[in-house]
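Asks: Before anything else, here's the structure in question.
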Amino acid sequence: MADSSCDLVFASHILEHLPLSDFSAALENIHSYLKTGGVLRIIVPDLEKCIATYTTRKQDKAWSAKAAHEFMNESCLGRTETRNSLYKRLVEVFSNSRHQWMWDEPSLLDALAQQGFKNIRQRDYGEWSDQRFEAVEKQDRHWNAICMEATK
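With the numbering used here, letter number 72 in the sequence shown gets 84, and the count goes up by one each step, no holes.
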């Protein structure tokens, strides 16, 4: 992809699957692909919201015994079984479905700013700077997530 060739880049629940160094490299690449004034819209799980959900469940008698288990499942941080077959090990190596990093609003804002993004704003579903995002964004992807838009 040529530098300065994109008006928009949309990344929903993708970048959290990268280790921190790869995440930074991805943001750097996205910044280079965007035209001046181009917009990045990113949706990732929100660590703060995930912790708040866990804390609320922990205090609810009906949920308290399951709160930690649900947090690990919903955050995609834990594993429920050992990878004891060759097939399962290959799947793990070649399809990275586990989350490698978690973000909250201040840390994501800082990461975007460090890569040169400007006008960084938290956005809700339906709050688009460009209506073309509506064609690809799903409302259910905002549950316990944070959405940010930034320009080059």
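Where a beta carbon is used, it is the ideal one built from N, C-alpha and C, also for glycine.
What is the DSSP secondary structure of T92, counted as helix, strand or coil?
Replies: Three-state DSSP puts T92 in coil, outside helix and strand.
Asks: For R131 versus E86, is the C-beta spacing smaller than 8 Å?
Replies: One detail in the question is off: residue 131 reads as Asn in this sequence, not Arg. The answer is no: Cβ separation not under 8 Å.
Asks: Cβ atoms of I42 and L32: under 8 Å apart, would you say?
Replies: Not in contact: L32 and I42 (Cβ atoms no closer than 8 Å).
Asks: Looking only at its own chain, which residues have a Cβ that is under 6 Å from the Cβ of C62, when we skip the five neighbours before and after it?
Replies: Once the five neighbours on either side are set aside, the close Cβ partners of C62 are S87 and N156.
Asks: For G128, tell me which candidate among A147, R153 and T163 has the shortest Cα-Cα distance.
Replies: Of the candidates A147, R153 and T163, the one whose C-alpha sits nearest the C-alpha of G128 is T163.
Asks: Give me, in chain order, the residues of the same chain whose beta-carbon lies closer than 6 Å to that of T84; leave out the 5 immediate sequence neighbours on both sides.
Replies: According to the sequence shown, residue 84 is Met rather than Thr. Contacts found: G90.
Asks: Within this structure, are the beta carbons of L39 and V21 separated by less than 8 Å?
Replies: In this structure, V21 does not lie closer than 8 Å to L39 by Cβ.
Asks: With DSSP as the reference, please indicate the residues paired to L20 in a beta bridge.
Replies: The partner list for L20 (beta bridge, DSSP) reads V51.
Asks: Just the C-alpha distance for T94 and D116, rounded to the nearest angstrom, thanks.
Replies: Each residue's alpha carbon lies about 30 Å from the other.
Asks: Using a Cβ-Cβ cut-off of 6 Å (strictly less than) and excluding sequence neighbours within five positions of R133, which residues of its own chain qualify?
Replies: E161.
Asks: Can you tell me where the alpha helix (DSSP H) with K70 in it begins and where it stops?
Replies: Its alpha helix (DSSP H) spans residues L59 to K70.
Asks: When the Cα atoms are used, what is the spatial distance from I55 to S17?
Replies: Spanning the two alpha carbons is a distance of roughly 22 Å.
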